[in-house]
Every structure is written in C-alpha cells, then in structure tokens.
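Trainee: Okay, handing you the structure first.
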Amino acid sequence: MNSHLMPTYNRQPVTFVRGEGARLWDEAGREYLDALSGIAVTGLGHAHSDISEAICEQAKTLIHTSNVYGIEWQAKLADRLAEVSGMESVFFCNSGAEANEAAIKLARLFAHNKKVEDPHIIVMETSFHGRTLATLAATGSPAIQKGFEPLVGGFLRVPYGDLAAIERLAGQHDNIVAVLVEPVQGEGGVRPAPKGFLRGIRALCDQHDWLMMVDEVQTGIGRTGRWFGFQHEDGLLPDVMSLAKGLGNGVPIGASVGAGKAAKLFGPGNHGTTFGGNPLVCRVGHTVLHVIERDGLLERATALSEQIRHGLMAGFESEPAIIEVRGLGLLIGVVLDRPCGELVRRALDHGLLINVTAGSVIRLLPPLILTNEQAEELVAKLVALVRGWLAENAEQVTD
Ligand SMILES: Cc1ncc(COP(=O)(O)O)c(C=O)c1O
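Everything in the sequence shown is counted per the numbering used here, starting at 87 for the first residue and increasing by one.
Next comes the structure, spelled out in structure tokens:
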C-alpha cells in the first residue's frame, strides 16, 4: 500500500474514513477521540454542518476564477480578518509556509524601499515556520535544514524569549529590518512567549524601524482563546501576521496580514498565486470566523483549556516524571522528563489522537467544539495512559 507515495512521513498505521465533531472512525469502524485536530486545523471539528454547507453551496456556484478578477468572498474575508485583528490588508495564499514566504518578502521589500541592501530578519531558536526554502532557513531546527543547503540567507537567530539578545543584535548590525516570532512555539515544544516578550519586541521594532512579524499559523483563529495569540498582550499590534491552519478548517488557505507600514508594501507584480484565495476557500474562512463568533468559541476555548489543564495537573499530581503542564488556550503541552514519542502510537491504540513534539512534550490541540464530557474523557484517557507507560518504564529500569 502507498507504494507510489514519496515516504516523507512516518505514518501511524491507521486510515480514517469519517469524522464528526471531535470523533473519527477508521476503516474498521473503530472510534477515536481527536485531540490533535489535524495539527491545529479542524478547530470546528469534523464535518461541521455550517462548513459542509458553505463548501457545497460554493462548489455549486463558483470554485475558481483567478486573482486577475475581483473575488467577492476574498474581499469579505479580508474585511472580517481586518475587523477581528485590527490590521489593514490581506494577501491570501494556500498554506502556512506560503504565508510566511509572503511575510519574508514583505520584510525584504520594506528593506529595499529604505535602501538597506543586505537585509536581515531576526528569528528564534526552536521556531517552526515551514518547509519551503526560505521558511526552513527561518526555522530554528538543524534537523529540518539538513540536506537542503545552501540555506537562504538573511536570518539572525536568538533564543526564544531573550529580549536582551535582540537588543544586542540591534547594537551589532545596521541591516536588521524585521523580527519574526510565534506567540507560542508549537512545534518547538508548546512554549508560550514569556510575559512582556512580544511587547518588548514591539518596542524594539518601533525604536529601530523594523517590522514586527508574528507567525500565527498555529496560534491564530481562536486556538489560544483569543482570535490571535498576540492579543494576549493588551493593545499590541504587529505589522505582519501569518495565518493558515484553522482559518480553513481543512480547506487549504493561508493569509499574510499587514498593518501600518506593511499594509501597502506589495504592489502589482510583487507577489501572486494561482489558487490562493479562491471563492471556495474564502467562503469557508468567512464561515469559520462567523461560527467562532456566533457560538462563543473563544470563551469556550478558554474554559475548556482550564478544565483540561486542571484535570491534567490533578491527574499527574505527585508524578515526578511530569515536569509541567503549559500552553495557552487549546494549545496544551505536557512536559515529561524523558523522550515519549512512543505515546503517540499507544494513545492511538487506546482510541486517542495526540502528538509529541520536541521529543518529550505531549501536545494537545483539541477542537474548540469539544464537549465537557469529551474534555473529561481526554484527561482520563491521557492520565491513565501516561501513568501506565511510566509505571512500565520504571519496572524496566528496576528489572
Ligand atoms: C507556526 C507555524 N508556522 C508555519 C507552519 C507551516 O504551515 P504549513 O504546513 O501550512 O506550510 C506551521 C505548521 O505546522 C506552524 O506551526
């Protein structure tokens, strides 16, 4: 099976054929609780009736024309994104990596417009921004970069959360033009920005005339309990924001959003895409925002987060192998004191979809439509699973 697919993934031995809300079913009819949401994509769960209807209606009306013509749903979605973010203009594309590519191009154009010949963008250690050539160079992971050298240049790297390191770079280089940062590092181990970090970056960007660019591909569209992760710092506004994942609830859409000096940088001919922002995906994106607002899902994400985190902390109390339960909203990490990648398969065998990132961090990304009962089930299953696995490991050690 799959003999004609490039083996880019170590796939789990399961194929899902149907979903509903936070549930999935495999070919054999086995049921699973989805605490991963396709890695922060299906925030409204599977087969959401409003999303299915939007897709069907638009498919029967118009799927694609071209960006050389006006696209009504694109304009409507851009208006809504501007409304909820406080930002001004949107370029639509198809993925998170493409959204970040657009952000990087915006930073370079910004630089060249002000005659900086060799522009550099400050990026973070343990960051993740995508797999295209520029975004993998921006990504803070040698494993992801290995084999794809020469890397795209123009990036300077600092430890995540280290404002003083950014200040030091400012004193050493006169060709810095932007900072690119995730409000919570997802792939990097579910690390929320330390309090004041984003605000400090904003201040440095203002001081040095740099663009503040936030990668909200994983944290955006309600995942953290606000529309966007940067909104956890009152009054903060970035110059550029990258979106994807949850915006389409499964249809491929990305967006690069601009404000202030970044809002009008791109002109005709600077950037483009054939598929990006077609009527189908934009109508779905518009519906996603509508459902989140109508159903109060930002507040729901916050309440569910509290329920799950309290449950996990109580369940793991006095378990020395659990270092921390951390995260923001429904981006939750359980940090272990040891590599725990094998828990993914084990959870699957117990009908639960989870992920392990940074080697030893269980990452939970349940949908915003999870019920309280499902949240309880998630906590109970995970605690039992991890405790059982730790007990087995301890037996092995003492054998
Ligand atoms: C923060 C962040 N940026 C960018 C990306 C890349 O998005 P995509 O896989 O849609 O290209 C991801 C994907 O996991 C991500 O988490």
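Ideal Cβ placement from N, Cα and C applies to all residues, glycine included. Computed from a predicted model, the values in this text were never measured in an experiment.
Any chance you could list the alpha helix (DSSP H) runs of at least 4 consecutive residues sitting entirely within the segment 151–187, in chain order?
Mentor: Runs of the alpha helix (DSSP H) inside the segment 151–187: 158–171.
Trainee: How is N335 classed by DSSP in three states: helix, strand or coil?
Mentor: Strand, per DSSP.
Trainee: Assess, as a yes-or-no matter, whether the segment 394–407 is touched by the segment 361–374 under the definition of 3 or more beta carbon pairs within less than 8 Å.
Mentor: The segment 361–374 vs the segment 394–407: no contact.
Trainee: Within its chain, find whatever has a CB closer than 8 Å to the CB of P425; leave out the 5 residues flanking it on each side and keep chain order.
Mentor: Closer than 8 Å at the Cβ level, and outside the excluded window around P425, lie G445, S446.
Trainee: With a Cβ-Cβ cutoff of 8 Å, do G308 and G336 count as a contact?
Mentor: No; because the gap between Cβ atoms is not below 8 Å, this pair is not in contact.
Trainee: Take every Cβ of the segment 338–349, pair it with every Cβ of the segment 132–142, and state whether three or more of those distances are shorter than 8 Å.
Mentor: They do not touch, by the three-pair rule.
Trainee: Are the Cβ atoms of I207 and F234 separated by less than 8 Å?
Mentor: Taking 8 Å as the Cβ cut-off, I207 and F234 do not qualify as a contacting pair.
Trainee: Does the pairing of the segment 208–220 with the segment 344–353 give three or more beta-carbon distances under 8 Å?
Mentor: Contact between the segment 208–220 and the segment 344–353 is absent, because fewer than three Cβ pairs lie under 8 Å.
Trainee: Run through the DSSP bridge pairs and tell me what S342 is partnered with.
Mentor: Paired residue(s): F177, S328.
Trainee: Looking only at its chain, what residues have a beta carbon closer than 7 Å to the beta carbon of E113, apart from the 5 residues adjacent to it on each side?
Mentor: Excluding positions up to five away in sequence, the list reads T101, V103.
Trainee: Please tell me whether, using a cut-off of 7 Å, the distance from the CB of N335 to the nearest non-hydrogen atom of ligand 1 is below it.
Mentor: Flag unset: Cβ of N335 not near ligand 1.
Trainee: Pick helix, strand or coil for L414, following the three-state DSSP scheme.
Mentor: Strand.
Trainee: Alpha carbon to alpha carbon, what distance is there between F361 and A466?
Mentor: Rounded to the nearest angstrom, the two C-alpha atoms are 43 Å apart.
Trainee: Provide the residue(s) that pair with P278 in DSSP beta bridges, ordered along the chain.
Mentor: The partner list for P278 (beta bridge, DSSP) reads V270.
Trainee: Could you name the residues of the same chain whose beta carbon sits closer than 6 Å to that of L110, not counting the 5 residues immediately before and after it, in chain order?
Mentor: Closer than 6 Å at Cβ, skipping near neighbours: F102, Y118, D120.
Trainee: So, at 8 Å on beta carbons, what are the nonlocal neighbours of L476 in its own chain, with the 5 sequence-adjacent residues on each side left out?
Mentor: Contacts found: E405, A407.
Trainee: Mind checking Y246: buried by the 16 CB within 10 Å criterion, or exposed?
Mentor: Y246 is buried by the Cβ-count criterion.
Trainee: Can you tell me which of F314, G415, D381, V276 puts its alpha carbon nearest to the alpha carbon of A389?
Mentor: For the residues F314, G415, D381, V276, the minimum Cα distance to A389 belongs to G415.
Trainee: Can you give me the C-alpha to C-alpha distance between P453 and H215, rounded to a whole angstrom?
Mentor: P453 and H215: Cα-Cα distance of roughly 22 Å.
Trainee: Below 8 Å on the Cβ atoms is my contact criterion, and I expect L322 with R285 to pass it. Report the Cβ-Cβ distance as a whole number of Å.
Mentor: Contact holds; Cβ gap of about 6 Å.
Trainee: Go ahead and pull the three-state DSSP assignment for V465.
Mentor: Correct three-state label for V465: helix.
Trainee: Measure from the alpha carbon of T359 to the alpha carbon of each residue in A185, A279, N96, E478, then state which is nearest.
Mentor: Out of A185, A279, N96, E478, A185 has the C-alpha closest to the C-alpha of T359.
Trainee: Is C142 buried or exposed, if buried means 16 or more other CB atoms sit within 10 Å of its CB?
Mentor: Looking at its Cβ environment, which holds fewer than 16 other Cβ atoms inside 10 Å, C142 is exposed.
Trainee: Expressed to the nearest angstrom, what Euclidean distance is found between the alpha-carbon atoms of K232 and M299?
Mentor: Answer to the nearest angstrom: the Cα atoms are 25 Å apart.
Trainee: Less than 8 Å between the beta carbons of V270 and G315, yes or no?
Mentor: Yes, Cβ-Cβ distance for V270 and G315 is below 8 Å.
Trainee: On a CA-only basis, which of G413, H376, V202, K200 is nearest K281? Give me that one, please.
Mentor: It is G413 whose Cα lies nearest to the Cα of K281.
Trainee: Would you say A345 touches ligand 1, meaning its beta carbon is less than 7 Å from a heavy atom?
Mentor: No - ligand 1 has no heavy atom lying nearer than 7 Å to the Cβ of A345.
Trainee: For the beta strand (DSSP E) containing H206, name the first residue and the last one.
Mentor: Per DSSP, H206 belongs to the beta strand (DSSP E) from 206–210.
Trainee: Does the Cβ of I149 have 16 or more other Cβ atoms within 10 Å, making it buried, or fewer, making it exposed?
Mentor: Exposed, because fewer than 16 other Cβ atoms sit within 10 Å of the Cβ of I149.
Trainee: Could you tell me which of E428, V472, L384, V420 sits nearest to L456, measuring between CA atoms?
Mentor: The residue with the shortest Cα to Cα distance from L456 is L384.
Trainee: According to the Cβ coordinates, are I252 and V265 closer than 8 Å?
Mentor: In contact: I252 and V265 (Cβ atoms closer than 8 Å).
Trainee: Helix, strand or coil, according to DSSP, for D136 in the structure here?
Mentor: Residue state, collapsed to three classes: helix.
Trainee: Could you tell me the alpha carbon to alpha carbon distance between A229 and V420, rounded to whole angstroms?
Mentor: Their backbone Cα atoms lie some 23 Å apart in a straight line.
Trainee: Quick check for students: name the residue ranges of the beta strand (DSSP E) that lie wholly in the segment 224–272, counting only runs of 3 or more.
Mentor: 241–244, 262–267, all fully within the segment 224–272.
Trainee: With DSSP as the reference, please indicate the residues paired to T443 in a beta bridge.
Mentor: In DSSP, T443 forms a bridge with V447.
Trainee: Confirm the yes/no value for this check: CB of Q258, any heavy atom of ligand 1, distance under 7 Å.
Mentor: No, the beta carbon of Q258 sits no closer than 7 Å to any heavy atom of ligand 1.
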